[in-house]
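Each remark here refers to the structure printed beneath this line.
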Amino acid sequence: MCYAIPGRIIKISNNIALIDYYGERKEALVDIEGIRTGDYVFAQGGVIVDRLQEEVALSILEGWREAFSRLKKKDKDLAEEEPFPEGIDPEIIRIIRKGEEGITLTRDEMLTLLRCSGRGELNLLYQTANSIRQKVHKNSSCVHGIIEFSNICKNDCAYCGIRKDNHALERYRMEADEIVEIVTSAVNRLGFRAFVLQSGEDSYYTTERLTEIIRRIRERCGVLLILSIGERDKGCYQELYDAGARGVLIRFETSNPDLYGKFHTTLRYEDRIETLKGVREIGYIIATGSLIGLPGQREEDLLEDILLARSFDTEMYSFGPLIAHPATPLASTPPVDLDAILKVIALTRLITHDGNALVTSAVETLFGKEGTRQALMAGGNSMMINLTPARYRRLYAIYPREDRATGFPDEDVQRRISETVSLLHSLGRAPTDIGISGTRGGNNKTSL
Ligand code: SF4
């Protein structure tokens, strides 16, 4: 885990750099040429993405110093465990403490936590997950920008509004120039350092077209690029890695093959798992997880989802609530309650300790900022901000969206950045991909 403030390399061994941030040490893969001990660098998602001139780095670090320690202290204070409240089921306390100590939980113990419903017990679970998050990641919280570059998809997932059978939806594709321009603008004007490039499964974007987009971005910007483009063969993903992509976001949606087949009639469960194995072998950072709230899903399925995600040595866990689009076969599926989501995030943190846990935008759609805040206080440490231009954003309707935007960079993006930064700061968290100014001529408004 890294901060989007520069760090100084104090050692490089086997292509892994040890980076110092005001005395805090984090490791990152050396992924650009000519990096040496003593250099100041930006690292994202465990990968060094850019090098800075020393005077630029020192000026940024000086501007951040006081805020860095203030936020860290606040986060630590908030994560401090309180004495056990009275009346908590001792068995739940035992299981939670066992997980906190890093001792492997049995399936029955994990299921007990997923089935738990007592308020005191749940609060203890969330608080413990938050305390583990604080010890492992300190106060760093990644905030990636996401750009949805095509809403055309050849698949028919039973809940998704951009499924091919939704003929009422207006479709769009962005060309390479537009995508490269959005990323460049977000780096230079907004200070972003990590991006998810997302689309439906759209074969217009051949390996060659995607390679060109990735190469052009990497030539212009030192950023972490994460692809969310669905299933491609391993050869394609290898070429995209060689071009400079370093992460893949692909959820398996459910670990239950029967449920998977029922709701993904144009996809095969085995192919999804093979894709995940393939990108792992190539060396990508993996973001994966599942939907919470599919009809017929049981706690046992959710537990298997967590264990399946963990089996890939996942760097970022992405578990989010199902919001079925009204124009889909699952339109009448009611959403789950917030605790169903918090329990999955907290249990994932309890049994994995490290790894990043994404708080999906679907959580905010259902439960507002308060839902996001609670998820961040239950083990979550990662968010995304949508940078898709306003004219496309409402069309990327995996579920219905409302936007108040008018253009890009637009007031809506600025508003969401400042709301996200305010929320993170209120919890003592330091956004790791935004939140600083002074780099590459940035005019970032997200001051501390
Ligand atoms: S969930 Fe993904 S693969 Fe399925 S229809 Fe939607 S965009 Fe396509």
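According to numbering that gives the first Met the number 0, the sequence shown is numbered sequentially starting from 0. In this text, a Cβ means the ideal position worked out from N, Cα and C, and glycines have one as well. Small disclaimer: the values here were computed from a predicted structure and weren't measured.
Within the chosen limit of 7 Å, ligand 1 does not reach the beta carbon of GLU147 with any heavy atom.
In this structure, THR359 and SER317 form a Cβ contact; the two beta carbons are roughly 6 Å apart against a cut-off of 8 Å. The beta-carbon separation of GLY354 and MET315, rounded to 7 Å, stays under the 8 Å limit for a contact.
Between TYR283 and the set ASP241, ARG35 and ASN380, the nearest pair of CA atoms involves ASP241. Remark: C-beta atoms of MET382 and ASN129 do not approach each other more closely than 8 Å. At least 8 Å separates the beta-carbon of TYR395 from that of ASN154.
Under the DSSP assignment, CYS235 falls in the alpha helix (DSSP H) whose first and last residues are 233-242. Distance between GLU252 and TYR259, taken at the CA atoms: about 7 Å.
Only residues of its own chain outside the window of five on either side were considered, and among them ILE47, VAL48, ASP49, ARG50 and GLY221 have a CB closer than 8 Å to the CB of ILE31, listed in chain order. Secondary structure at VAL362: helix, using DSSP grouped into helix, strand and coil. With a cut-off of 7 Å, the C-beta of ARG96 is classified as distant from ligand 1, since no heavy atom of the ligand falls inside that distance. In this structure, ARG162 has its CB closer than 7 Å to one or more heavy atoms of ligand 1. Taking 8 Å as the upper bound for CB-CB distance, ILE213 and GLY243 are in contact here, some 5 Å apart. For the region 5-39, the continuous beta strand (DSSP E) assignments of 3+ residues that do not extend past its boundaries occur at 6-12, 15-20 and 23-28, in sequence order.
Shortest Cα-Cα distance from GLU269 to any of GLU363, ASN122, GLY33 and GLU230 involves GLU230. GLY144: member of the beta strand (DSSP E) spanning 139-149, first to last residue. When the five nearest sequence neighbours on each side are left out, the beta carbons in the same chain lying within less than 6 Å of the beta carbon of TYR391 are those of TYR171, in order along the chain. Within the DSSP bridge table, the entry for ILE291 names PRO320 as partners.
For VAL247, the enclosing beta strand (DSSP E) begins and ends at 246-248. The criterion of a C-beta distance shorter than 8 Å is satisfied by ILE146 and LEU196. Here the C-alpha atom of ILE15 lies approximately 37 Å from the C-alpha atom of TYR203.
Contact annotation: the region 180-200 does not touch the region 98-116, with fewer than three C-beta pairs closer than 8 Å. Proximity of the region 115-123 to the region 335-345 meets the contact definition, three or more beta-carbon pairs being nearer than 8 Å.
For ligand 1, no non-hydrogen atom lies closer than 7 Å to the CB of GLY282.
DSSP assignment within the region 327-404 yields the following whole beta strand (DSSP E) runs of 3 residues or more, N-terminal first: 355-357 and 381-385. A residue is called buried once 16 or more other Cβ atoms fall within 10 Å of its Cβ, and ARG162 is buried on that count. Segment contact: the region 90-106 against the region 55-75, fewer than three CB-CB distances shorter than 8 Å; contact not assigned. Annotation for ASP49: the continuous beta strand (DSSP E) segment containing it runs 46-51.
Per DSSP, LEU209 is one residue of the alpha helix (DSSP H) stretching across 206-219. Around the beta carbon of HIS166, fewer than 16 other beta carbons sit within 10 angstroms, so the residue counts as exposed.
Cβ-Cβ distances below 6 Å link GLU99 to THR127 in the same chain, with the five nearest sequence neighbours on each side left out; the list follows chain order. In the DSSP annotation of this structure, PHE194 is not part of any alpha helix (DSSP H); the continuous beta strand (DSSP E) holding it starts and ends at 193-198.
LEU423 sits close to SER140, with the two beta carbons spaced by under 8 Å.
When secondary structure is reduced to three states using DSSP, GLN43 falls in the strand class. Put simply, the backbone Cα of GLY427 is about 30 Å away from that of GLY86. Exclusion of ASP176 from the 7 Å shell around ligand 1 follows from its C-beta lying no nearer than that to any non-hydrogen atom of the ligand.
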